[in-house]
Amino acid sequence: MPTMFESFVVVPAAPATSGSSEQTIIDGRKQTAARLRARGENPFANDSAPLLGGVTVGLGALRERVKAARDAAGKYGEEAVRALAGDARFHVRGRVLALRSTGGLSFVRLRDGSGELQLLCDQAQLGVEYKKLDDLDIGDFLEAEGALTASKRGELSLEPARLRLLTKAYRPLPEKWHGLSDVETRYRQRYVDLVANPSVAEVFRARSLIVRAVRRLLDDAGYLEVETPTMHTLIGGAAAKPFLTHHNTLDMPLFMRIAPELYLKRLLVGGFDRVYEIGRCYRNEGVSTRHNPEFTMLEFYQAYATYEDLMDLTEVLLRGADAALAAAMPEAQAAWKAARPFTFDEPFARVPMAEAVARGALATDIPEWRDAVSGERRGGGLVALLAPGFVDHMKAWSKSSARAKKIDWGNFRKGFDKCDNDGERLFCCYEYLCEPFLADDYRSGDGAKSLPVFVKDYPFETSPLARKNDARPDLVDRFELFVHGRELCNAFSELNDPEDQAARFLEQVSKKQKGAEETMDYDADYVRALEHGMPPAAGFGMGIDRLVMMLTASASIRDVVFFPLLRKEG
């Protein structure tokens, strides 16, 4: 929309101190509030309502009402606006973003949750009300009531017959001419970031729409939304390090949940065939652009389904959420879609892990690797080659090709040497030889963008809750979805054999006793639940934060979390 006002951006600000320029501004604004109170006016009012017969309306809806008055250049004509709006009066509220006066005219730019609009304040029309502009500062909240018009520059405007300050902002907004120089300040003072940067607010509106769309898709598919405990007595549902808390009344330690999985599957035992939960989970892990210790997880479980069924549903779910975003925010979604390095417009790739390892090995052009994966064993052949150890070959192998030079050989060797079995070794090969290159290896038809990749059929040793494949008991029916090389979803056909599950829990306990931190506890009650019988089923988990990152082309998970955890100031 055309505007004569510049935007402002966040700048780092130290706390106001006595004698500082900011404190001088704060003191002046407090004096204004005192004058208002002395006149019998409340600078923090809560009784906003039309008094001149106007209709209360959001600024975005007001623009929508007269959008036909906007010409190809984006300007509004006064006569066209009057023809559409008539003599109707409108009552609006919002934050003051800019103030400018010239002669007997003042221009005030307002923003509410739906958009922005200019107030064209005419001293001749407002009379004594015009003096109220002297009490206004940028950042204040204001209400106005009047008729729609257009300025000489073609800006859609409300011409107020009444003005009133609703909230006096003591602290000034950041000065508009500074650049954004401290990202942490944006995260720490998100309330200012949202005002100063409309594109940030758009991402969070998109987040709400995406979550709503996911809920609607699952509700329409017959899933029941449920809530399960966020404080657990055991570590379960995923391999991760938990946060510890304490229940004072019961005098017992508790873990903040790392996943809701085991409780949701108890509901399958209880007869709820399709359940889902969108809730907070907590993992005591590092912080990065992809990881936040507190995050939002979607998990759902469906009786009588397989992991293959959930691959199909995943594609429907992601495309459906994106379509809902496009319908609600067409301009923003089009820009985000153009910026994405991946595409949802083509079928996703589906690749068994052993095949992915074989392809990764072939891409290195290492002769011994090429020979090892040429037979039926594929990735298993490479594991057999490397199992005795490969430290003596690393120097030569790393020079075999440009692809080989990109491998993190040092950590690959360390990780491989820590593996206890061939299943873990295959997974380690995948982590270092394939996962970093998924975005390069799987491309759209025209090669312009990467394809999402379902990596499936994991070694059973790496998946303590997944069902073994009937034909290949060394594998489990599991997939993870990677979008431009980033993990988004994890799903599998569920293990419902109580004896098999008990044995896998015991293996986790054994690993814990050997010093492994990211392991599960033995959950006797869950085994007991399985002994009552759980129907064949498939389950799915996805990080909502990562989904929002991907759909809005955001670079960091902190860009899609309103208030990410930060170190204390000072």
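Here the working numbering runs 35 ahead of the position in the sequence shown, where the first position is 1. Built from N, CA and C at the ideal position, the CB exists for glycine as well. Only a predicted model underlies this, so the values are computations on that prediction, with no experimental measurement involved.
Cβ shell of L297 (< 7 Å), same chain only, five flanking positions each side left out: For L297, where only same-chain residues beyond five positions count, the Cβ hits under 7 Å are G271, G272, D558, Y561.
Counted within 10 angstroms of its Cβ, other Cβ atoms place Q66 as buried (16 or more) or exposed: Burial call: exposed.
Identity of the residues DSSP links to R242 by a beta bridge: As computed with DSSP, R242 is found in no beta bridge at all.
Other residues of its chain near V116: CB distance less than 8 Å, five sequence neighbours each side excluded: Excluding residues up to 5 positions away in sequence, V101, A104, L183, T184, A185, L191 lie with their Cβ nearer than 8 Å to the Cβ of V116 in the same chain.
Rounded straight-line distance, which links the Cα of L299 to that of Y258: Y258 and L299 have their C-alpha atoms spaced approximately 12 Å apart.
Residues bridged to G181 (per DSSP): DSSP output for G181 lists F125, P195 as bridge partner(s).
Coil, strand or helix - Y342 by DSSP: Taken through DSSP and simplified to helix, strand or coil, Y342 comes out as helix.
Inter-residue spacing [alpha-carbon to alpha-carbon] between V595 and V238: Distance between the alpha carbons of V595 and V238 is about 7 Å.
For F462 and Y493, believed in contact at Cβ under 8 Å, the rounded distance: Yes, they are in contact, since the Cβ atoms of Y493 and F462 sit about 7 Å apart, within 8 Å.
Limits of the beta strand (DSSP E) - the one that L516 falls within: L516 -> beta strand (DSSP E) spans 510-518.
Simplified DSSP state of C454, which is helix, strand or coil: Judged by DSSP in its simplified three-state form, C454 adopts coil rather than helix or strand.
K187, buried or exposed, once every other Cβ within 10 Å from all chains shown has been counted against 16: Taking all protein chains shown into account, K187 has fewer than 16 neighbouring C-beta atoms within 10 Å of its C-beta and is therefore exposed.
N446 versus R375: straight-line alpha-carbon distance, rounded: Roughly 30 Å separates the two Cα atoms.
Contact check, L565 vs N525, beta carbons under 8 Å: It is not a contact, given that the beta carbons lie outside the stated cut-off.
Presumed contact (8 Å Cβ cut-off) between G89 and E164, rounded CB distance: Contact check for G89 and E164: beta-carbon distance about 14 Å, past the 8 Å limit, so the pair fails to qualify.
Per-residue burial, Y342 [other beta carbons within 10 Å of its own, 16 or more giving buried]: Answer is buried; the Cβ neighbour count reaches 16.
Where S216 falls: helix, strand or coil (DSSP): Residue placement at S216 cannot be trusted, given a pLDDT of 46 that sits under 50; what the coordinates show is reported in the next sentence. Of the three classes helix, strand and coil, the one that applies to S216 here is coil, per DSSP.
Touch test, the segment 273-281 against the segment 396-406, Cβ-Cβ under 8 Å, three pairs minimum: No, because fewer than three Cβ pairs between the segment 273-281 and the segment 396-406 fall closer than 8 Å, the two stretches do not touch.
From K503, K549, S545, residue whose alpha carbon lies closest to that of S528: Its Cα nearest to that of S528, the residue K503 stands out among K503, K549, S545.
Per DSSP, cross-strand counterpart(s) of C316: BP columns for C316 point to F330.
Supposed contact pair T265 and R292 - C-beta distance, whole angstroms, cut 8 Å: Yes, they are in contact, since the Cβ atoms of R292 and T265 sit about 5 Å apart, within 8 Å.
Local Cβ density within 10 Å of F125, reported as buried at 16 or more and exposed below that: By the neighbour-count rule (16 or more Cβ atoms within 10 Å), F125 is buried.
6 Å Cβ shell around K546 - same chain, five flanking residues per side excluded: Cβ neighbours of K546 beyond the five flanking positions: T554.
Residue from E320, R521, G574 with nearest C-alpha to M585: With distances taken between Cα atoms, M585 lies closest to R521.
Exposure of V488, with buried meaning 16 or more beta-carbon neighbours within 10 Å: Burial is judged here by how many other beta carbons sit within 10 angstroms of a residue's own beta carbon; V488 has at least 16 and is buried.
Backbone CA spacing between L420 and C469 [nearest angstrom]: The straight-line gap from Cα to Cα measures roughly 17 Å.
Own chain, CB closer than 6 Å to K491, minus 5 neighbours either side, in chain order: Same-chain partners within the cutoff: P387, F514.
For T67, the first and last residue of its enclosing alpha helix (DSSP H): Residues 56-73.
Inter-stretch contact at 8 Å, needing at least 3 Cβ pairs: the segment 242-260 / the segment 339-357: By the Cβ criterion, the segment 242-260 is in contact with the segment 339-357, since at least three pairs of Cβ atoms, one from each stretch, lie closer than 8 Å.
Contact the segment 54-61 vs the segment 198-207: 3+ CB pairs below 8 Å: The way I'd put it, the segment 54-61 does touch the segment 198-207; three or more beta-carbon pairs between them come closer than 8 Å.
Contact with chain D by P233, beta-carbon distance below 8 Å: The structure shown contains no chain D, having only a single protein chain.
Range covered by the alpha helix (DSSP H) that runs through Y226: Under the DSSP assignment, Y226 falls in the alpha helix (DSSP H) whose first and last residues are 225-231.
Identified DSSP bridge partners for N525: N525 pairs with E515, G576.
Residue(s) in a DSSP beta bridge with R146: Note: R146 sits in a beta bridge opposite R130, E151.
For R563, three-class secondary structure by DSSP: In this structure, R563 counts as helix in the three-state DSSP scheme.
Of the residues E312, R128, K166, D169, the one placed nearest S149, counting alpha carbons only: Checked all of E312, R128, K166, D169; the closest Cα to S149 is R128.
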